[in-house]
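Everything in the sequence shown is counted per the working numbering, starting at 30 for the first residue and increasing by one.
Even glycine gets a Cβ: it sits at the ideal position worked out from N, Cα and C.
Here the structure is a predicted model, which is why all the values come from computation and not from measurement.
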Amino acid sequence: MTYPPEISRVTRSKAQAMIAYDRLSRWYDWLSASSEQPLTELGLKKLNVGIGETALEIGFGTGPALLAMASAVGDSGGVVGIDISRGMFKVASERIAHANLSQRVTLEQGDAVALPFASDSFDAIFISFTLELFDTPEISIVLSECRRVLKPGGRIGVVAMARDEQENIPQRIYEWFHQRLPAYVDCRPIYVQSTISQSGFQIQSIARKMMWGLPVEICLAQKTATEGKK
Numbered sequence: 030m031t032y033p034p035e036i037s038r039v040t041r042s043k044a045q046a047m048i049a050y051d052r053l054s055r056w057y058d059w060l061s062a063s064s065e066q067p068l069t070e071l072g073l074k075k076l077n078v079g080i081g082e083t084a085l086e087i088g089f090g091t092g093p094a095l096l097a098m099a100s101a102v103g104d105s106g107g108v109v110g111i112d113i114s115r116g117m118f119k120v121a122s123e124r125i126a127h128a129n130l131s132q133r134v135t136l137e138q139g140d141a142v143a144l145p146f147a148s149d150s151f152d153a154i155f156i157s158f159t160l161e162l163f164d165t166p167e168i169s170i171v172l173s174e175c176r177r178v179l180k181p182g183g184r185i186g187v188v189a190m191a192r193d194e195q196e197n198i199p200q201r202i203y204e205w206f207h208q209r210l211p212a213y214v215d216c217r218p219i220y221v222q223s224t225i226s227q228s229g230f231q232i233q234s235i236a237r238k239m240m241w242g243l244p245v246e247i248c249l250a251q252k253t254a255t256e257g258k259k
């Protein structure tokens, strides 16, 4: 029997991650606008947050997805974001205030391996280019936390770099940089669909795109409607 290749580990510390993203916070939009942002928008469209819903974003960065969801939920809904970076927190806070959406959005600085929210709190969770930043053992913990805080029947949208069993040349080059410069190239491709499914979610749809020659999967999944009910 053959097994798929193991995904690379994340060796930089959380403290190193915080420092790196604090430094990137003022420049991140410029760096990601042409690559990540169009795929994030596709993920938001697939998640389809609506009026009156409560949504959570893990790894909100500079906050563009928070703004989109805050506009979608209306005054009767709410959006919560959590990010490890103080710099990202500051930039996102300023962006939300400038858009006059502060009353709809609550931000937390913290680590998604232990979400500081009550069980069954959210209708939807969005994670874009963030799940692949966690070390391999932590990915299932983060997804377990997502299942805990989602309401029964709630949905999760994930946009992430995807690992193929047969690597292409761009993926080999990217993995080479990830292994040798872990403090700078800290994310890496992961098995998106299978990891989400194995974490207890029901896959609703999956789309596959390319970025820098690397595959990206946009996955919509659901917590079962009966989970958590007694």
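Which residue marks the beginning of the alpha helix (DSSP H) containing residue i, and which one marks its end?
i, result
"Pro67", "Glu65 to Leu76"
"Asp112", "From DSSP, Asp112 is part of no alpha helix (DSSP H) but of the beta strand (DSSP E) over Gly107 to Asp112."
"Ser61", "Tyr57 to Ser61"
"Lys43", "Lys43 to Leu53"
According to the Cβ coordinates, are residue i and residue j closer than 8 Å?
i, j, result
"Ser226", "Leu249", "no"
"Gly183", "Phe151", "yes"
"Lys180", "Asp149", "yes"
"Thr69", "Ser157", "yes"
"Met240", "Ser61", "no"
"Ala99", "Val134", "yes"
"Val277", "Leu144", "In the structure displayed, the chain extends from 30 to 259; residue 277 sits before or after that span and is not available."
"Leu85", "Ile125", "no"
"Lys75", "Ile247", "yes"
"Phe89", "Asp112", "yes"
"Gly186", "Phe155", "yes"
"Gly106", "Glu82", "yes"
"Ser173", "Ser223", "no"
"Ser37", "Gln200", "no"
For residue i, which of the options has the nearest alpha-carbon?
i, options, result
"Ile80", "Val108, Gln138, Ile219 and Ser148", "Val108"
"Glu35", "Glu137, Met239, Leu85 and Val221", "Val221"
"Ile48", "Ser114, Gly92 and Thr83", "Ser114"
"Ala254", "Gly106, Ala101 and Arg177", "Arg177"
"Leu73", "Lys252, Ala153 and Ser228", "Ala153"
"Tyr203", "Gly242, Gln138, Glu256 and Pro67", "Gly242"
"Pro93", "Val102, Val78, Gln66 and Asn77", "Gln66"
"Ala101", "Gly110, Thr159 and Asn77", "Asn77"
"Lys252", "Gln138, Cys175 and Ala189", "Cys175"
"Lys238", "Ile198, Asn197, Val188 and Arg217", "Val188"
"Thr159", "Ile198, Arg217, Trp56 and Asn197", "Arg217"
Give me the Cβ distance between residue i and residue j, rounded to the nearest whole Å; I'm assuming they're in contact under 8 Å.
i, j, result
"Ile170", "Ile219", "At roughly 14 Å, the Cβ-Cβ gap does not stay under 8 Å, so Ile170 and Ile219 are not in contact."
"Pro244", "Asp193", "6 Å"
"Asp104", "Lys43", "No, Asp104 and Lys43 are not in contact; Cβ-Cβ is about 36 Å, not under 8 Å."
"Asp51", "Gly116", "4 Å"
"Ala121", "Thr91", "6 Å"
"Leu71", "Ala236", "7 Å"
Mind checking whether the beta-carbon of residue i lies closer than 7 Å to any heavy atom of the ligand HEM?
i, result
"Arg115", "No copy of the ligand HEM appears in this structure; indeed no ligand is present at all."
If I follow the unbroken beta strand (DSSP E) through residue i, where does it start and stop?
i, result
"Glu256", "No beta strand (DSSP E) contains Glu256, which DSSP labels as neither H nor E."
"Thr261", "Nothing can be reported for residue 261, as the shown portion of the chain is limited to 30 through 259."
"Arg237", "Gln231 to Met240"
"Ile247", "Leu243 to Gln251"
- In chain order, each beta strand (DSSP E) run of at least 3 residues that lies wholly inside the segment 171-228: 179-190
- Query: Whole alpha helix (DSSP H) runs in the segment 93-163 with 4 or more residues, listed along the chain?
  - Reply: 93-102 and 115-127
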